[in-house]
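What follows is a set of notes on a single structure, which appears directly below.
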Amino acid sequence: MMSSTPFFHVEGLEKRFGGFRAVAGTSFKIEDGSITALIGPNGAGKTTVFNLISAFLTLDSGLIEFRGSRVDGRRPHQVSRLGIGRTFQTTRVLRKLSVLDNVCVAAQNQPGERLRGAMFRPRYQRSEADVNRRALELLDLVGLSAMAREYAATLSGGQRKLLEFARVMMQEPSLVLLDEPTAGVLPTLGQTLIEHVKTQRRDRGTTFMIIEHNMDVVMSVSDRVIVMNEGMVIADGTPGEIQVNEMVIEAYLGTHHAPAGPAREPVPSGPDDD
Amino acid sequence: MSEFLNPDFWAFVLVIAGIYSIFSLGLQLQFGFGGLLNFGQVGFSLVAAYTMAILVARYGVDLWLASVIAIGFSMVAGAVVAIPTLRLRAFYLGIVSLAMSEILRYLALNLQGLTGGPLGSPGINGPGHVAQYTNQWFLMLDSIRERLEPVLGAMATRDVATLLVVWIVAFALIGLLEILVRSPWGRALKAIREDEDAAAAMGKDVFMFKLQVFIVGAAIGGLAGIFLALQLSAFVANDFKPILTFYGFVIVILAGTARMAAVPIGGLVFAFIFAGTRFFTFAPFDVLSSAERSYVRLILIGVILILLMRFRPQGLFGRKEELML
Amino acid sequence: MQELIQLLANGVIVGSIIALGAIGITLVFGILDIGSFAHGDYMTFGAYGAFGAIAASGLPFPAALVVAALATALLGIFIDVAVLRWFQNKGPDSMIIVTLGVALILRHVIYFVAGSAPRAYPIDVTTVLDLGLIRISIVQLTVVVAAVVVIVITAWFLANTSLGKSMRAVADNRDLAAVAGVNIRRVRWSTWFVSSALAGVGGTLLALSQASFNPELGWTILLMLFTASILGGLRSAYGTLAGALIVGIAMETSTWSGFFGGLDGVYKPIIAFLILIGMLMIRPQGLFGKARLV
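Residue numbers (our numbering), protein chains in the order written: chain A, 1037 to 1310; chain B, 40 to 364; chain C, 8 to 301.
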């Protein structure tokens, strides 16, 4: 039966930084089980949209709805608990934790994570064993199980992207926001990561939204492409439609002539060149 | 120098080391694991010490019950400090906790009707009577001493009994805290310590974790305050100056941040530095008066702290990879 | 009514002393990103510097004030170069703990050198001017005049000199200022110079305004400095000035008999603490929000 409420949608998102409209009335819908690419030139507002959805930034106006319930107005951990996971443009692995702990810590509803539960190991032992097993499976999947006991600080940039992917999948989210998963990663690793995205969608039905600059990746992985420019959605369609859309081509070519402008967005994900 | 060979003196040093270790375990949890700068730990000790002493001396409450209630009061004081400041930068928590501990000391000095004011704990029941809260404690120490006598002979003193009690509690506390920090709760805490945003993106309620950590740490500060009060037999508000919190930080940094089990070693090293400098009564140090020696001692402790932070920020036992400072 | 006006006047006097210390905290925080817990003890250092100058060479008080300012300014730069610089890139937690260590060392060095006995400047503190509505002592007048002069000089320096402008640029945006060619080291030193000199003057005036002082002088006022600084948003020198006056007036007028019969004087520090907590709960960004004047 078709539900009348969309799986995920945003309406009229607005975010200003001083006088700069980073996101200027953005609206879109995401289908359950789809892979959507969010593309656009630098400073188009893509990462800001992610930060608004995950509540790292607060909306100036607009609404965000996920499976019929409001997302906006919540705090980041509450959004995460609704089943919306995200990664960061500059990876944020926990360097002082082991690779395995990086994944384990993302487990949801772990009874040992409550102060009272934590005092009695038997209360959480079973669920913890389960968490460990699942974490190792995920590390196996992304090819990091050999390094499970190392500090995450020892990982290369590409490996960190893989670890972050394993970590977000550990949350068993229904919707995953991936911020430039292949940027700064060896092409072969990037390709592997994209295969994992497809596998997860197939096996778990996870929905993905991906900010991506590599057009080959965009075209090969996504069912749908949303194009942003200057804070607005300028095109929304299948990869085939987008490839021939004139506005998109102009937006991309136009950036070569545009002034550097206030492209920096004060997002909490550190140095950012969205 | 005769004191140097006196076992009672060293028993006393070990008791102090144990109490400071307990005190610092709270700071270790807050700072080493939670990243929370609590400069007012001594305030929570003060709250518990006074609550316990007033309940026992004025209302005749059982010492153990009074201690539990007193620790509860410390936790409430912890929440008062934490709730307005935990969402802000570490700096604000430092200011507010320090200010709170000074305000509490100031109140204790001035609210004579409640605390005995400048008379300290003996004045809790008003001037004229000497209020006491140690009867039950001494009874317990004496019964321990009697049981130790067959083994230790003349060495079995109240101080040795105190030493035993304090260190048993300290190790039990370390055991409990080790269980906590090795649990999934502790793992989430480490994640928050390193990257709050990443932890929040994983669904961790950062504020809640920090609040729990702060309140548990304040409770431990309260426990240390009760021991301090019992060890002193009678106390005044100025026994709870901010310098104690500072000693706690020296101990935590000596032990290494996020090293729970190393805290007693930090406590011992500190107590020996602290007590050892008492014996600097020979030339050339004998030109100094005892007040001057105490200033030099505090200057040295400050210098040691800064040098440690500069050259060995992981402490004597910390791991560089987990260095949080 | 006359009582209230008198208390308001006292509040302005207390507030202007707090301002001298708090503006330094604000400058150091805003420009160098250091939350200094040693600033109160810098004030103590200034007070003892002036005391030493008067005792050693019989300088008149205004000259001793200048000596205190310069000595404290050099102390501020010295401590930055000798200690704080090591910790600049080690995260704010280390820096805060280290400033607390510096405070401890400095305070006990002062104890060691000057002793714990209460001191007082050899100045007649008893002369009182009757201005009709309020009575103000010569000492209080000196304090207000000196504080106003120093604050005006500081404001002029920040607004009009190239160094002052560089400092404000760094406070606004460090990276941008560095890119724009601001000499960061020069800014660093001048920030310590200005904020420590202010502390030196403030400490001396604080000592003067009390009948006597000891080495705990500045440490006991630290809470009020931070409260004023936070009221002003921690980054605005003018906001801090306003915050200091608010703290001073609130503390003094709390004893007004029209205010629940007047609180006992011993509760004054608690008033400052309540303002601090209330402010952090309601408007942690300070009274004047994001307005960044410095």
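Don't be surprised by glycine CBs; every beta carbon is placed ideally from N, CA and C.
Roughly how many angstroms lie between the CA atoms of residue i and residue j, to the nearest whole one?
i	j	result
C:G285	B:V86	21 Å
C:G22	C:K172	26 Å
C:V155	B:R332	41 Å
A:L1035	A:L1229	The structure shown does not extend to residue 1035 of chain A, since chain A is modelled only from 1037 through 1310, so no value can be given for it.
C:F267	B:P303	50 Å
C:P99	B:Q175	46 Å
C:G210	B:L269	39 Å
C:L270	C:T262	5 Å
C:S64	C:V74	12 Å
A:L1327	B:D236	As shown, chain A starts at 1037 and ends at 1310. That puts residue 1327 of chain A outside it, with no answer to give.
C:S236	C:A244	8 Å
A:R1300	B:G133	Residue confidence for A:R1300 is low, a pLDDT of 41 falling below 50, so the modelled location carries little weight; the figure read from the coordinates is stated next. Distance between the alpha carbons of A:R1300 and B:G133: 32 Å.
A:V1261	A:T1072	6 Å
B:A170	B:L64	31 Å
A:L1180	A:D1166	19 Å
C:I253	C:G239	10 Å
A:V1303	A:S1070	With a pLDDT of only 41 at A:V1303, under the threshold of 50, the placement of this residue in the model should not be trusted; the figure read from the coordinates follows. A:V1303 and A:S1070: Cα-Cα distance of roughly 26 Å.
A:S1210	A:G1267	26 Å
B:D234	A:F1064	31 Å
Residues in its own chain within less than 7 Å of residue i by CB, not counting five upstream and five downstream?
i	result
A:Y1288	P1077
B:F266	I58, I61, V205
A:G1241	G1069
In chain order, what residues of the same chain lie with their CB nearer than 6 Å to the CB of residue i, ignoring the 5 residues before and after it?
i	result
C:A26	L248, A251
C:F58	R126
C:R142	V135
B:L53	L202
C:G47	G225, W226, I228, L229
C:A184	A176, V177
Sorted by chain position, which residues of the same chain lie with C-beta nearer than 8 Å to residue i's C-beta, five sequence neighbours on each side aside?
i	result
B:R349	none
B:L146	T154
C:F233	A29, I32, L283
A:L1136	N1168, A1171, L1172, L1175, A1184, R1185
A:P1217	T1123, K1197, F1201, G1226, L1229, I1230, V1233, I1246, E1248
C:R193	L170, S173
Can you round the beta-carbon distance between residue i and residue j to whole angstroms, since I take them to be within the 8 Å contact cut?
i	j	result
B:Y286	C:Y118	B:Y286 to C:Y118, Cβ: 17 Å. No contact.
B:A92	B:S160	5 Å
B:Q353	B:G295	5 Å
B:A230	B:K243	7 Å
C:T106	C:S203	That pair is no contact at about 13 Å.
B:P281	B:V119	Not confirmed; about 18 Å, so no contact.
C:M231	C:A279	5 Å
For residue i versus residue j, is the C-beta spacing smaller than 7 Å?
i	j	result
A:V1129	A:A1184	no
B:F48	B:L137	no
A:I1075	A:I1089	no
A:E1067	A:F1102	no
C:F220	C:A71	no
B:F62	B:A263	yes
B:I58	B:V275	no
C:I24	C:L213	yes
A:A1142	A:M1206	yes
A:Q1146	A:S1163	yes
C:W163	C:D87	no
A:K1051	A:D1108	no
B:A258	B:I163	no
C:I20	C:V109	no
B:A121	B:F288	no
C:I112	C:G42	no
C:A176	C:V189	yes
A:T1084	A:A1058	yes
C:V116	C:V157	no
B:A56	B:A310	yes
Would you say residue i touches the ligand SAM, meaning its beta carbon is less than 6 Å from a heavy atom?
i	result
B:A310	Inclusion of the ligand SAM in the displayed structure is not the case, the ligand content being empty and no account of it being possible.
Legend entry - Whole runs of the alpha helix (DSSP H) within the stretch 53-120 of chain C, excluding any shorter than 4 residues: Qualifying alpha helix (DSSP H) stretches, in chain order: 68-89.
Inset, instruction - Counting only runs of 4+ residues fully inside the stretch 1206-1236 of chain A, write out the alpha helix (DSSP H) ranges in chain order. - result: You should have found no qualifying run.
Inset, instruction - Can you check the stretch 1234-1278 of chain A for any alpha helix (DSSP H) of at least 4 residues that lies completely inside it and give the ranges in chain order? - result: 1251-1257
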